[in-house]
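Inspection log for the structure reproduced underneath, given as structure tokens.
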Amino acid sequence: MEDLAFDAAHVWHPYTARFTPAPQHKIVAAKGIWLTLADGRQMIDAMSSWWCTAFGHAPEPLVTALQDQAATLPHVMFGGLTHRPAIELTRRLVAALPEGLDQVFYSDSGSVAVEVAVKMAIQAQLAQGRRGRTSLATARGGYHGDTWKAMSLCDPESGMHSHFGAAIAPHHFVARPPIAYGAAWPSDDSRNGLAEVAALFERHGDQIAAFIIEPIVQGASGMYFYHPAYLRGLRALCDRFEIALIFDEIATGFSRTGSDFAMHKAGVVPDILCLGKALTGGMMSLAATVASRDLAARTGALMHGPTFMANPLACAVAVAALDLWQSRDWSAEARRIEAQFTQELAPARGFAGVADVRALGGIGVIEMRAPLPMDAIHRFCAETGVWLRPFGPMLYAMPPLTIAPDELSRVTTAMCTIARGL
Ligand SMILES: *Cc1c(COP(=O)(O)O)cnc(C)c1O
């Protein structure tokens, strides 16, 4: 059977039913910002392959690090043993993160990093004798991954709650942070969302182990940017009610928003931080859950240990990725991209079906009023040489931060063409 036909007959793709239209494109190579299709055509990967190839595909030093590591120590169990790639990676993370956020637990994907963060927070509460503190609080409009606990913390409407019914554990939700990034911050807590958080903590604080949120950018559930002051208020409330604060920077970490980490925009340090995606430059699956020294001391023996924990191949690639990240001012690149998005997506504001246009760092968004026609867009992408994968009404790009201005113009032109109507 021909490859695409065999794929359609047997290979399950994400968020799709079997036997519905399958992928039309087969990729045979990726380098820099470019994906090469089987028929030789090329597309700009304007999605950074689901936001992870921040420095482009297959950067030379990362490929070399992977090859070298494969030749000496591809894998070894992490229980009772350790190795240089994990140690070197931890050195770099601890140096890059705020003081005190320095206890690092590795796992193999972002969703699992969130599971681990939740385990840390709950274990720390229970170890202090707070037996009732086993649920979580979060804001609507979030996305934290597809495993059970992570999924239960995603937005209850745009997330997957409806597909699993009562199997989803209930948690406490407050409204999406109401004040957008760049808007004026109302000091009246009833208007900025913090009064609702305070009321929740007053009423149910004795059931809540932690509050989890994506700092500044709520990604996969709506590409929404909110005001940094929300995080400062949240930090103060979590301190007051002794609720752990978890930041999920899996999408925002490593310069995507124009700062090293999105939390820097608020000057707030969480008790637990989740990292993933660009951690390995998008070459390998690896995630980290980083706890404060204080929280780690309270957790006791953390009951988690994936088979491929701190896989040396992934850690070696991540070491090279962090060296590459440190070698250049990538946050400045993200801000350059933001300026160009802001300018070149602006005309879309005038199009009939467009609800909003916004950009922050290396993220450009055209929010439509109705869901977009995926099949037509996929065909258009190959023809125009720009790979975009909208979700629902969200047409967005998150290109590698290496993208040149003329290449980015091709992306914004493609986005405006789609937004005008194919
Ligand atoms: C992608 C993402 C995750 C899940 O990471 P996976 O590696 O896909 O499991 C969790 N949180 C955020 C904010 C993400 O963007």
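At position 165 of the sequence shown the residue is numbered 146 (the numbering used here), and the sequence of numbers has no breaks. All C-beta atoms in this analysis are idealised placements derived from N, C-alpha and C, irrespective of residue type, glycine included.
DSSP beta-bridge partners of residue i
i: W(-7); result: Per DSSP, none; premise fails for W(-7).
i: Q23; result: T17
i: I253; result: I227, A272
i: F192; result: A118, L226
i: I8; result: L18
i: H38; result: G13
i: V335; result: M349
i: M375; result: E348, F372
i: Q84; result: A272
i: A340; result: G345
i: Y207; result: A161
i: Q199; result: Y205
Whole-Å CB distance - residue i paired with residue j, under 8 Å assumed
i: P287; j: D127; result: Contact doesn't hold; Cβ gap of about 16 Å is too wide.
i: L256; j: E230; result: 6 Å
i: V95; j: A131; result: 4 Å
i: F36; j: G262; result: 5 Å
i: L326; j: A340; result: 7 Å
i: P371; j: T34; result: Their Cβ separation, rounded to whole angstroms, is 19 Å, which puts P371 and T34 out of contact at 8 Å.
i: Y207; j: P158; result: 4 Å
i: K7; j: A39; result: Wrong, their Cβ atoms sit about 18 Å apart, outside the cutoff.
i: K246; j: I197; result: 5 Å
i: M355; j: I253; result: Between I253 and M355 the Cβ distance is about 36 Å, and since that is not below 8 Å, they are no contact.
i: L70; j: C219; result: Incorrect: roughly 28 Å between the Cβ atoms, too far for contact.
i: V155; j: A118; result: 7 Å
i: H64; j: P251; result: Not a contact, Cβ separation roughly 28 Å.
i: R216; j: V178; result: No, R216 and V178 are not in contact; Cβ-Cβ is about 11 Å, not under 8 Å.
i: V271; j: L82; result: 5 Å
i: A27; j: V338; result: Between V338 and A27 the Cβ distance is about 16 Å, and since that is not below 8 Å, they are no contact.
i: Y160; j: N173; result: Strictly speaking, residue 160 in this sequence is Ile, with Tyr absent from that position. Confirmed, Cβ separation roughly 5 Å.
i: D20; j: P4; result: The pair is not a contact, with the Cβ atoms about 14 Å apart (cut-off 8 Å).
i: A363; j: R22; result: 6 Å
i: L175; j: G214; result: 4 Å
Any non-hydrogen atom of ligand 3 closer than 7 Å to residue i Cβ
i: I8; result: Because ligand 3 does not appear in the structure shown, any question about it cannot be addressed here, the ligands present being ligand 1.
Burial state of residue i (16 or more Cβ within 10 Å)
i: L16; result: buried
i: S236; result: buried
i: P(-5); result: exposed
i: I68; result: exposed
i: W32; result: buried
i: P2; result: exposed
i: W(-7); result: exposed
i: L369; result: buried
i: A259; result: buried
i: Q50; result: buried
i: D187; result: exposed
i: A329; result: buried
i: M264; result: buried
i: S29; result: buried
i: P55; result: exposed
i: S312; result: buried
i: G61; result: exposed
i: V57; result: exposed
i: A52; result: exposed
i: A165; result: exposed
i: R(-1); result: exposed
i: P66; result: buried
i: A351; result: exposed
i: M24; result: buried
i: V9; result: exposed
i: L403; result: exposed
i: E348; result: buried
i: E314; result: buried
i: F322; result: buried
Practice task
Flag this pair as touching only if the stretch 375 to 384 and the stretch 342 to 353 have three or more C-beta atom pairs under 8 Å; answer yes or no.
Solution key: Yes: at least three Cβ pairs fall under 8 Å.
Practice task
Mind the definition here: the stretch 186 to 195 touches the stretch 109 to 123 only if three or more C-beta pairs lie below 8 Å; say whether that holds.
Solution key: With a cut-off of 8 Å, the stretch 109 to 123 and the stretch 186 to 195 count as touching, because enough Cβ pairs lie within range.
Problem - Inter-stretch contact at 8 Å, needing at least 3 Cβ pairs: the stretch 96 to 108 / the stretch 165 to 179 - result: Result no; under three Cβ-Cβ pairs closer than 8 Å.
Practice task
Say whether the stretch 293 to 305 touches the stretch 324 to 334, bearing in mind that this needs 3 or more beta-carbon pairs closer than 8 Å, one atom from each stretch.
Solution key: Verdict: no, contact absent.
Practice task
Tell me, please, whether the stretch 137 to 153 touches the stretch 219 to 228 by the rule of three or more beta-carbon pairs shorter than 8 Å.
Solution key: They do not touch, by the three-pair rule.
Problem - Touching by the beta-carbon criterion (3+ pairs, under 8 Å), the stretch 276 to 284 and the stretch 9 to 25 - result: Judged by Cβ distances under 8 Å, the stretch 276 to 284 makes no contact with the stretch 9 to 25, as fewer than three pairs qualify.
Exercise for the section: Count the C-beta pairs between the stretch 69 to 84 and the stretch 234 to 250 that are closer than 8 Å, then say yes if the count reaches three, no if not. Expected result: Taking a contact to require three or more Cβ pairs closer than 8 Å, the stretch 69 to 84 and the stretch 234 to 250 qualify as touching.
Handout entry: the stretch 177 to 185 touching the stretch 135 to 146, judged by at least three CB pairs closer than 8 Å
Key = No: fewer than three Cβ pairs fall under 8 Å.
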